[in-house]
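Residue numbers (my numbering), protein chains in the order written: chain A, 22 to 130; chain B, 476 to 589.
1. Using C-beta distances below 6 Å, list every residue in its chain close to residue 507(B), excluding the 5 sequence neighbours before and after it, in chain order.
2. Evaluate contact between the region 101-108 of chain A and the region 55-67 of chain A, counting only Cβ atoms and requiring at least three cross-stretch pairs below 8 Å.
3. Name the chain A residues whose beta carbon is nearer than 7 Å to that of residue 575(B)?
4. So, residue 116(A) versus residue 556(B), is the Cβ gap smaller than 9 Å?
5. What's the C-alpha gap between residue 510(B) and residue 96(A)?
6. Can the beta-carbon of residue 38(A) be found closer than 9 Å to that of residue 126(A)?
7. For residue 102(A), decide whether its Cβ has a neighbour in chain B, counting only Cβ atoms nearer than 9 Å.
8. Which residues, taken in chain order from the region 98-124 of chain A, show a beta carbon closer than 8 Å to some beta carbon of chain B?
9. Can you name the residues that DSSP bridges to residue 125(A)?
10. Which of the residues in the region 55-66 of chain A, read from start to end, lie with their CB under 9 Å from any CB of chain B?
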């Protein structure tokens, strides 16, 4: 079957750096996305990697290694507002995307 | 303002009743999606549509039906055949021809079946 694995929870201190890992097993692969979701809200797009390497967008970076079926989201200079759930998602072919179960990030003062 | 709207935000229904959730977008996106999210869990794909008058089943389509008669609209019907319909339902859309997989989500509808 197809699956994405990510840690269920991560806790970090304000101002620190945190990395959220995602490993995937899919029948097809076009790219890996990351979404942020605050409690009760809708997911919002953060980044997308189709090729190996690092993509940087402000405090957030995302990395992909297709050979290892692995990616991560890196959040720098953590702020309290970064406390949310983070989902990795694979575009498996055409228009279909599957999501991981999400990682709940707790940022402490 | 461009965006995706879902209505209503909260919906209550009695067991055995069909209910239709609305999703409208004015982003001129080609593809539209319906996801289900249960507490503390990820998003599971119900149905998706690449183009008007065409749609495909996702991973959990049983007990649901959709239509795509207009590019802007992709309503989801939760039928009485869905055994556990209480959940948070999210609609999303995106451009078809793109080098990314950026999906834009609506605010969601929280359905409670009593």
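We put the CB at the ideal spot given by N, CA and C, even for glycine.
None of the values given here were measured: they were computed from a predicted structure.
The answer reads as follows:
1. Numbered from its first residue, the second chain carries residue 507(B) at position 32. Within the same chain, residue 507(B) has close Cβ partners 524, 549 and 568.
2. Here the region 101-108 of chain A lies against the region 55-67 of chain A, with 3 or more beta-carbon pairs under 8 Å apart.
3. Within the second chain, the letter at position 100 stands for residue 575(B). What residue 575(B) touches in chain A: 69.
4. Walking along the first chain from the start, residue 116(A) turns up at place 95. Walking along the second chain from the start, residue 556(B) turns up at place 81. Contact check for residue 116(A) against residue 556(B) fails: the beta carbons are separated by 9 Å or more.
5. Indexing the second chain from 1 puts residue 510(B) at position 35. Indexing the first chain from 1 puts residue 96(A) at position 75. So the alpha carbons of these two residues sit roughly 26 Å apart.
6. Within the first chain, the letter at position 17 stands for residue 38(A). Within the first chain, the letter at position 105 stands for residue 126(A). With contacts defined as CB atoms closer than 9 Å, residue 38(A) and residue 126(A) fail to qualify as a contacting pair.
7. Here residue 102(A) corresponds to residue number 81 of the first chain, with the count starting at 1. Cβ-Cβ to chain B under 9 Å: no for residue 102(A).
8. 108, 110, 112, 115, 116, 117, 118, 119, 120, 121, 122 and 123
9. Here residue 125(A) is taken as the residue at index 104 of the first chain, counted from 1. Note: residue 125(A) sits in a beta bridge opposite 30(A) and 106(A).
10. 56, 58, 61, 62, 63, 64, 65 and 66
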